[in-house]
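Residue numbering for the sequence shown follows this note's numbering, beginning at 2 and increasing consecutively.
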Amino acid sequence: MVNNQAEAKAVVEAVKYRPQGKRGLAGVRAADYGLTMPLKEYTVKANQETLISIQIETLEAVDNLDNLLSVNGVDVFFIGPVDLSNSMGYTGQVSHPKVQAMIEKVVQRIRAAGRVAGTVAYTHEALAKAKERKFQYIVHNVAPMLTKSAR
Numbered sequence: 002m003v004n005n006q007a008e009a010k011a012v013v014e015a016v017k018y019r020p021q022g023k024r025g026l027a028g029v030r031a032a033d034y035g036l037t038m039p040l041k042e043y044t045v046k047a048n049q050e051t052l053i054s055i056q057i058e059t060l061e062a063v064d065n066l067d068n069l070l071s072v073n074g075v076d077v078f079f080i081g082p083v084d085l086s087n088s089m090g091y092t093g094q095v096s097h098p099k100v101q102a103m104i105e106k107v108v109q110r111i112r113a114a115g116r117v118a119g120t121v122a123y124t125h126e127a128l129a130k131a132k133e134r135k136f137q138y139i140v141h142n143v144a145p146m147l148t149k150s151a152r
């Protein structure tokens, strides 16, 4: 989870190579140690192809959302409903009206800033709700739902 602008910037710096970040290089294996692609070319490609998602899971993060949304290099602002419910004092009560209202408010703010909103959907109902709310990045595991439906 990321709670403030400094933490979000630290994530970007840790994940991206220079000039966007400060990630160590050391002839990385992903670039075949520079044998099939020059490391400089690899770092440009890796920076372009690496997705950074930070998790909005606490009231502190919600309070700092405008500052988080201003951080360049973050691709997805991922709302973690279970941890957010816990932070709000409704542990595990993701369906609680106050938790749902908070999620709605946060996703609207993310979208209004022109950024990508993400979340997780554990059920068919949660998936439908995430789509209705216009989340652009949804983590959804079909296998458990297929198993449950098959019973």
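We put the beta carbon where it would ideally sit given N, CA and C, even for glycine.
Source: prediction; values computed, not measured.
request  = Using a threshold of 8 Å, state whether the C-beta atoms of PHE78 and ILE57 are closer than that.
outcome  = With a cutoff of 8 Å on beta-carbon distance, PHE78 and ILE57 are scored as near each other.
key: Same chain only: Cβ atoms within 8 Å of ASN48, ignoring 5 sequence neighbours per side   = LYS17, TYR18, GLN21 and GLY22
ask   = Quick one: any contact between the region 105 to 120 and the region 80 to 94, if contact means 3 or more CB pairs under 8 Å?
value = yes
task = Find out if the Cβ-Cβ distance for the pair VAL72, LYS10 is shorter than 8 Å.
result = yes
Given VAL117 as reference, the closest of LEU85, ILE55 and GLU8 once Cα atoms are compared = ILE55
message = For HIS125, report the span of its alpha helix (DSSP H) as first-last.
response = 125 to 133
message = Using a Cβ-Cβ cutoff of less than 8 Å, which residues in the same chain neighbour LEU70 once the five nearest sequence positions on both sides are dropped?
response = PHE78, ARG110, ILE111, ALA114 and ARG116
query = Ends of the alpha helix (DSSP H) at SER88?
reply = 82 to 88
ask   = Considering only residues of the same chain and omitting the five flanking positions on each side of ILE139, which have a CB-CB separation below 8 Å?
value = GLY119, THR120, VAL121, ALA122, LEU128, ALA131 and LYS132
task = Can you give me the Cβ contacts of THR51 inside the same chain, cut-off strictly under 8 Å, excluding the 5 residues immediately before and after it?
result = These residues qualify, in order along the chain: VAL16 and LYS17.
Same chain only: Cβ atoms within 7 Å of HIS141, ignoring 5 sequence neighbours per side = Same-chain partners within the cutoff: ALA122 and LEU128.
inquiry  = Whole angstroms are fine: how far does the CA of SER96 sit from the CA of THR59?
reply    = 16 Å
message = Per DSSP, what are the beta-bridge partners of GLY119 in this structure?
response = PHE79 and TYR138
task = Please state whether DSSP places ILE111 in a helix, a strand or coil.
result = In this structure, ILE111 counts as helix in the three-state DSSP scheme.
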